[in-house]
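Structure, as structure tokens:
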Amino acid sequence: MKRNQKNYYGLRTTAVWVVLLACLLGFAFLVKTAIGKTEQTGQETYSSVAPTKGDYQKLSLKKEDIHKGDLILVNAENKYQFSENREIVHVFDEKNSAYSVKDKNVAVAKNTMEALNRLLADFYDEQGNNKINVISGHRTYAFQQTLLDKKTEETGAVEAMKWVALPGASEHHTGLAVDLSIFNREDGSSEPYKGTGQYKWINENAYKYGFIVRYPDEKKEITGIDYEPWHFRYLGLPHSYLVTEKKLCYEEYIDFLRQFEYDKEHLQVSYDGKSYEIYFTGGTDVYVPKSEQYSISGNNVDGFIVTVVKNS
Ligand SMILES: [Zn+2]
2 MKRNQKNYYG
12 LRTTAVWVVL
22 LACLLGFAFL
32 VKTAIGKTEQ
42 TGQETYSSVA
52 PTKGDYQKLS
62 LKKEDIHKGD
72 LILVNAENKY
82 QFSENREIVH
92 VFDEKNSAYS
102 VKDKNVAVAK
112 NTMEALNRLL
122 ADFYDEQGNN
132 KINVISGHRT
142 YAFQQTLLDK
152 KTEETGAVEA
162 MKWVALPGAS
172 EHHTGLAVDL
182 SIFNREDGSS
192 EPYKGTGQYK
202 WINENAYKYG
212 FIVRYPDEKK
222 EITGIDYEPW
232 HFRYLGLPHS
242 YLVTEKKLCY
252 EEYIDFLRQF
262 EYDKEHLQVS
272 YDGKSYEIYF
282 TGGTDVYVPK
292 SEQYSISGNN
302 VDGFIVTVVK
312 NS
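Residue 107 in this note's numbering sits at position 106 of the sequence shown, with consecutive numbering throughout.
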């Protein structure tokens, strides 16, 4: 009797183990599937496709055009050439009431102005905060020199070079960069912009409006610039989305795009209901689509980036 009972319990224990093991395997399978899906989503940020040559026509551009356009990389190695005629507008004249501006002189490129208005209006709607103050936009060569001289006087040359770019090496020359600060209109107090608390929303969502956080903390070895949570660079979509989604700094993105040469595979990406095709061309013979909307920008290094909005 005792023996039978023992067997019975033994069987029951085995059955429990079998069920437990099955559950464990099932769980492991679910986890694996979930991870697999995440990886797949990550890979789906973009795909690539070979061009059908008959759909493109050749444009012959000039070598100096490499230094013009919304996607130019500007840093210590690739200085701004001051050869563009980009339309610059005063923030004071064009801004909405969701934020303030330091003075009437702050100016940015027209496309940057429009994106900034949308970003900061949505930030105000989301957080009910109207304390953003735009403190810097477009800068001339002479103004950048003045800033550097002032900082050098305050901190010495070594420290100044860490924070203020040499004239020509600042993105602010393009009109496509803005610096933010915090200004309380009620009591007149101000504080530096750190992109924390309510302001985190701006740093996390800026890419949806065409901006990138240009100098991320984890990329200072590459950018050569310390973390600047207040400095935003306008690139436009879908580039701001790709840079952010792939966790690249702009130097890395410019390198990344070189693999999508016109003659090889073109990058394809969908964002917010629109499909885009992006490719790179070294040299000055640039192929563009015959029947689709596109924009060309130099990269300020060695070639051109073509961005096509696909007909859907
Ligand atoms: Zn800046």
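We put the beta carbon where it would ideally sit given N, CA and C, even for glycine. Note that this is a predicted model, so its numbers are computed, not measured.
With DSSP as the reference, identify every bridge partner of Q269, one or two as the case may be. S48, E278
Pair every Cβ in the region 268-282 with every Cβ in the region 104-123, then say whether three or more of these pairs are closer than 8 angstroms. no
By the three-class DSSP mapping on this structure, what secondary structure does L236 have? coil
Ligand 1 and A178: does any heavy atom of the ligand fall closer than 7 angstroms to the residue's C-beta? yes
Enclosing alpha helix (DSSP H) for L148 [first to last residue]: 142-156
Measure the Cβ-Cβ separation of K68 and N301 and say whether it is below 8 angstroms. One point to set straight first is that residue 68 is His, not Lys, in the sequence displayed. Contact flag set, yes.
Please specify which runs of the beta strand (DSSP E), each continuous and at least 3 residues long, are wholly inside the region 49-118, giving them in chain order. 57-61, 89-91, 108-110
Within 8 angstroms, do at least three Cβ pairs link the region 173-187 to the region 226-234? yes
What does a CB cutoff of less than 8 angstroms around Y228 pick up in its chain, not counting 5 residues either side in sequence? Y216, P217, D218, K221
For the alpha helix (DSSP H) holding E252, just list the boundary residues, first then last. 251-258
To the nearest angstrom, report how far apart Q146 and G169 are at their CA atoms. 9 angstroms
Flag this pair as touching only if the region 71-86 and the region 155-171 have three or more C-beta atom pairs under 8 angstroms; answer yes or no. yes
Sorry if obvious, but does the Cβ on S182 come closer than 7 angstroms to a heavy atom of ligand 1? no
Spatially closest choice to T113 from W202, D286, E88, S48, by CA coordinates: E88
Does ligand 1 have a heavy atom nearer than 7 angstroms to the CB of H139? no
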